[in-house]
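Numbering (our numbering), first residue to last: 3 to 238. By construction, the Cβ of each residue, glycine as well, lies at the ideal position given by its N, Cα and C atoms. Below you'll find the structure, written out as structure tokens, and then a few comments.
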């Protein structure tokens with residue numbers, strides 16, 4: 003008989019900031035992942051708007067205790083962090099030094115592995131339309147925007163190095179987006195993904211996930227395959 007964890011649908015575990023939190027709404031990339039892998043994986047979104055790697059480092063042990071009660075129930079984890087770490091420290095107290103950001107990501111990855119997560123996908127921070135974000139912040143909060151590609155690129159490079167060192171999958175969102183002629187259209191306010199931005203992230207993730215999930219089947223059979231004379235055998 004299958005173990006409880008094997009019988010239950012395993013999880014696709016998203017860890018991130020506002021771009022991850024918002025991805026569950028309005029046809030965002032998390033919503034599209036939920037639809038794409040329905041019955042094969044349960045998408046769990048642990049995106050926290052405004053959070054840095056320092057915040058998630060503190061939270062990750064408790065998050066995993068809650069979300070991974072049986073070792074190995076998370077099939078794949080997706081990490082999209084460090085954007086908020088990159089803010090200008092003179093304008094935003096959340097700033098996290100790039101070396102500390104790397105250390106925090108290493109801690110998060112170790113906790114995932116200690117909880118039986120075999121597949122980890124690290125996404126680099128995407129580029130930022132700093133001028134548009136500044137205008138948005140001045141209009142809505144009457145304060146300057148604190149993001150710039152000059153700063154975020156340091157964290158992108160760190161993520162690239164970290165993925166090699168940790169031997170995990172990486173999706174270079176910065177490179178994928180910045181090279182597009184109309185890249186600024188992928189963000190509705192300069193920082194957060196627009197519909198086209200979410201679609202790009204979804205397809206980039208799908209390329210990797212389709213390989214990782216090649217042998218993952220639904221935990222329970224199609225209704226037509228249930229033995230109606232002995233349903234306990236099919237569903238037990």
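- residue 88 and residue 153 closer than 8 Å at C-beta: Residue 88 is a Cβ neighbour of residue 153, given a cutoff of 8 Å.
- The alpha helix (DSSP H) enclosing residue 205, as first and last residue numbers: Looking at the DSSP string, the run of the alpha helix (DSSP H) that includes residue 205 is 197-214.
- Query: Is residue 40 buried or exposed, if buried means 16 or more other CB atoms sit within 10 Å of its CB?
  - Reply: Exposed, because fewer than 16 other Cβ atoms sit within 10 Å of the Cβ of residue 40.
- Task: Kindly indicate the opening and closing residues of the alpha helix (DSSP H) around residue 110.
- Result: For residue 110, the enclosing alpha helix (DSSP H) starts and ends at 100-116.
- Item | Residue closest to residue 210, alpha-carbon to alpha-carbon, out of 191, 229, 172 | That would be 172, whose Cα lies nearest to the Cα of residue 210.
- Task: Please report the Cβ distance between residue 106 and residue 59, rounded to the nearest whole angstrom; I am assuming they are in contact, meaning their Cβ atoms lie under 8 Å.
- Result: About 4 Å separates the two Cβ atoms, so the contact holds.
- Query: According to DSSP, is residue 67 helix, strand or coil?
  - Reply: Correct three-state label for residue 67: helix.
- Nearest-angstrom Cα separation, counted from residue 147 out to residue 137: Answer to the nearest angstrom: the Cα atoms are 8 Å apart.
- Message: For the structure I just gave you, are there three or more beta carbon pairs, one from the region 68-86 and one from the region 7-24, closer than 8 Å?
- Response: Yes, they touch.
- Hey, quick one: how far does the alpha helix (DSSP H) through residue 2 stretch, first residue to last? Summary: the structure shown does not reach residue 2, with the chain confined to residues 3 through 238, and so no result is reported for it.
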